[in-house]
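Chemist: Following this message is one structure expressed as structure tokens.
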Amino acid sequence: EEEYREIAPLLRRIQSQNEQLKQDQKEIEKAALIRQEFTANVSHELKTPLHAISGYAELLENEMVKEEDIKPFASKIRGESSRMTKLVEDIIDLTRLDNGGDEMKWEDCDLYRIAENAVDSLEVAATALGVEVTVDGSDATTRAIPQLIYSIVYNLCDNAIKYNHSGGSVQVRVQQTSYNIVLSVKDTGIGIPEESRERIFERFYRVDKSRSKEVGGTGLGLSIVKHAVIIHNGKIEVKSKLGEGTEMIVTIPK
Ligand code: ADP
193 EEEYREIAPL LRRIQSQNEQ LKQDQKEIEK AALIRQEFTA NVSHELKTPL
243 HAISGYAELL ENEMVKEEDI KPFASKIRGE SSRMTKLVED IIDLTRLDNG
293 GDEMKWEDCD LYRIAENAVD SLEVAATALG VEVTVDGSDA TTRAIPQLIY
343 SIVYNLCDNA IKYNHSGGSV QVRVQQTSYN IVLSVKDTGI GIPEESRERI
393 FERFYRVDKS RSKEVGGTGL GLSIVKHAVI IHNGKIEVKS KLGEGTEMIV
443 TIPK
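In UniProt numbering, the protein residues as written are 193 to 446.
Pasting the structure below:
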């Protein structure tokens, strides 16, 4: 009995280490599966525009395109190429985030100014779609990774413009509370169905695949946003009404 009393804690430790190992193994298997799925998706997403581009090029090469169709064909090739470029850029961003954003620098930065910059770079796209974007708030300085904050606002605002109606609007707001900075992007767009609200943050998930492609989406924007928010120890909340609009609210601790 005495011997047992001596080895009992040891046995318990071995048992708990065993459980931990099993758990780790499961996590590793899950991560491998996610990576495999991601690679398959990426290949598929890259192949589609490539096939389209080579198809159009082949028709042009064989002079099978009427004079008046040459320009629209060229536009299609350009459209598919820029979709591929966007996809490659998003994949690079995601890979950096997967590595924990280690090489990214934390700095004291003003989130309001960053939001303004992100909105500025979307102004042409917004005007083209007939969507008005406004930014309000005031200085909101905290320690953060500026390029990730830019990426958060850019992607949310880009979606708010893309999934909107002509004549619609987008309101970007930066507010400070005692402990947090709240970034919100509110649109008057198509809204997100209840059952999709969790899934939109998954890589390559789209509510309406053809609409996403039509507006130049990659299906990666919100997974980049989610990652960037997590790195800042923040959270993101979705409020949406079908046919009325969506509000994305990001809270980042100061
Ligand atoms: P995408 O490149 O397709 O826009 P995202 O990851 O940014 O990919 O978003 C995933 C999906 O979530 C989109 O395809 C779209 O269906 C939906 N979505 C995102 N933002 C909005 C929004 N503001 N209004 C309506 N739907 C949205």
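Glycine included, each C-beta is placed from N, C-alpha and C at the ideal position.
The model shown is predicted, which means the values in this text are computed figures rather than measured ones.
Got a sec? Which residues, its chain only, sit under 7 Å from G293 by beta carbon, not counting five neighbours each side?
Modeler: I337, L340 and I423
Chemist: Would Y304 and A332 be called neighbours here (beta carbons separated by less than 8 Å)?
Modeler: yes
Chemist: Based on the DSSP output, what are the partners of T334 in its beta bridges?
Modeler: Looking at the DSSP assignment, T334 forms a beta bridge with C301.
Chemist: Report the rounded CA-to-CA distance for F396 versus Q207, giving the unit in angstroms.
Modeler: One C-alpha to the other measures close to 40 Å.
Chemist: Short of 6 Å in beta carbon distance, which residues of its chain neighbour E272, apart from the five on each side in sequence? Order them along the chain.
Modeler: P241, A244 and I245
Chemist: If you draw a straight line from the alpha carbon of G411 to that of S404, how long is it in whole angstroms?
Modeler: 7 Å
Chemist: Give a yes or no on whether the C-beta atoms belonging to V366 and G426 are separated by under 8 Å.
Modeler: no
Chemist: What is the residue span of the beta strand (DSSP E) that D328 lies within?
Modeler: Residues E324 to G329.
Chemist: Mind checking whether the beta-carbon of I423 lies closer than 7 Å to any heavy atom of the ligand ADP?
Modeler: no
Chemist: Report buried or exposed for V280, applying the criterion of at least 16 other Cβ atoms within 10 angstroms of its Cβ.
Modeler: exposed
Chemist: Check whether the region 304–318 and the region 342–349 touch, using three or more Cβ-Cβ pairs below 8 Å as the test.
Modeler: yes
Chemist: Could you give the distance in angstroms between the alpha-carbon of Y196 and the alpha-carbon of Q212?
Modeler: The C-alpha of Q212 is placed about 24 Å away from the C-alpha of Y196.
Chemist: Identify whether S388 lies in helix, strand or coil by the three-state DSSP scheme.
Modeler: helix
Chemist: Tell me whether the beta-carbon of G408 lies closer than 8 Å to the beta-carbon of R270.
Modeler: No, Cβ-Cβ distance for G408 and R270 is not below 8 Å.
Chemist: Between residue 450 and the ligand ADP, is there a pair consisting of the residue's CB and a ligand heavy atom that are separated by less than 7 Å?
Modeler: Residue 450 cannot be examined here, being either before or after the span of the chain that is shown, 193 to 446.
Chemist: May I ask you to report which of helix, strand or coil DSSP gives S361?
Modeler: In this structure, S361 counts as strand in the three-state DSSP scheme.
Chemist: For the ligand ADP, is there a heavy atom less than 7 Å away from the beta-carbon of A317?
Modeler: no
Chemist: Helix, strand or coil: which one does DSSP assign to I382?
Modeler: coil
Chemist: Which of helix, strand or coil does DSSP assign to E439?
Modeler: Residue state, collapsed to three classes: strand.
Chemist: In its own chain, which residues sit with a C-beta less than 8 Å from the C-beta of E439, not counting the 5 before and 5 after it?
Modeler: S376, V377, K378, D379, V430, K431 and S432
Chemist: Less than 7 Å between C-beta atoms, sequence neighbours within five positions excluded: which residues of the same chain meet that for Y248?
Modeler: F265, K268 and I269
Chemist: How would you call I306, buried or exposed, if buried means at least 16 neighbouring beta carbons within 10 angstroms?
Modeler: buried
Chemist: State yes or no: is the C-beta of R398 nearer than 7 Å to some heavy atom of the ligand ADP?
Modeler: yes
Chemist: Apply the 10 Å Cβ neighbour rule to S415 and answer buried if 16 or more other Cβ atoms are within range, or exposed otherwise.
Modeler: buried
Chemist: Please find out if some non-hydrogen atom of the ligand ADP comes closer than 7 Å to the beta-carbon of Y346.
Modeler: no
Chemist: Would you mind giving the Cβ-Cβ distance between V323 and V362, rounded to the nearest angstrom? I have them listed as a contact below 8 Å.
Modeler: 6 Å
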